[in-house]
Amino acid sequence: MGICATCGSDQEYRIQIDEGGVPHGSPGHQITYRWTNLYVCLRCGAGVLAHFDHDCFAPPYDEPWDMNWRWPVTVQDVQRLEAVLTRCPDPTRGACVCPVHRSLRASDQASRAPDATATILLTEDELPELCFRT
Ligand SMILES: [Zn+2]
Ligand SMILES: [Zn+2]
0 MGICATCGSD QEYRIQIDEG GVPHGSPGHQ ITYRWTNLYV CLRCGAGVLA HFDHDCFAPP
60 YDEPWDMNWR WPVTVQDVQR LEAVLTRCPD PTRGACVCPV HRSLRASDQA SRAPDATATI
120 LLTEDELPEL CFRT
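According to numbering that gives the first Met the number 0, the sequence shown is numbered sequentially starting from 0.
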C-alpha cells in the first residue's frame, strides 16, 4: 500500500497478479517468496504496479534479500483492466487461475523490465496483457 505519486492520496490494493512461495519468517518458507500487485489511487484512479522478490539463499551481506520494483500505470490503463476484471472471481488472490489472471501473469513474466513504462492492453479475446516499454 502507499501514496499516489500523481495526487498524494491513499492507494487501494486492487489486484494480486501473482504470488509464489510462503513469506520469510512464516512456517513453510523455502528461500524464495514473490508477488506482483496493482494498487489504485482512491481519488484520481492512477495505478502502480509493484513487484516484490525475496531470496534468502545468499547471506544478507552478500546480496539484498528483498527487491522491489515499481511501475506507474495511467488512469486509462487501469480503467481498461477494470472493465474486464468483472470476469475474475477473486482479484486479490494471486493464485487465481481465471483467464484474466492467467493472461496477466503470462504477459508479466514474458516482458517485465525494470526501467520501463507499464501499460495494460486488451487482446482480441478481451483479456488484459501487461506490456513493458523501455
Ligand atoms: Zn492519485
Ligand atoms: Zn482471477
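All residues carry an ideal CB built from backbone N, CA and C; glycine is no exception.
Consult DSSP for residue i and reduce its assignment to one of helix, strand or coil.
| i | result |
| --- | --- |
| residue 117 | strand |
| residue 28 | coil |
| residue 49 | strand |
| residue 37 | strand |
| residue 129 | strand |
| residue 107 | helix |
Around the Cβ of residue i, are there at least 16 other Cβ atoms within 10 angstroms (buried) or fewer (exposed)?
| i | result |
| --- | --- |
| residue 6 | exposed |
| residue 126 | buried |
| residue 49 | buried |
| residue 46 | buried |
| residue 67 | exposed |
| residue 82 | exposed |
| residue 35 | buried |
| residue 80 | buried |
| residue 76 | buried |
| residue 8 | exposed |
| residue 89 | exposed |
| residue 25 | exposed |
Could you tell me whether the Cβ atoms of residue i and residue j are closer together than 8 Å?
| i | j | result |
| --- | --- | --- |
| residue 29 | residue 20 | yes |
| residue 16 | residue 84 | no |
| residue 121 | residue 103 | no |
| residue 101 | residue 118 | no |
| residue 38 | residue 12 | yes |
| residue 10 | residue 43 | no |
| residue 4 | residue 71 | yes |
Do three or more CB pairs link the stretch 51-64 to the stretch 91-106 at distances below 8 Å?
-> With the cut-off at 8 Å, the stretch 51-64 and the stretch 91-106 do not touch.
Go through the stretch 40-95 residue by residue and report every complete run of the alpha helix (DSSP H) that reaches 4 residues or more, in order.
-> Within the stretch 40-95, the complete alpha helix (DSSP H) segments at least 4 residues long are 74-84, listed from N- to C-terminus.
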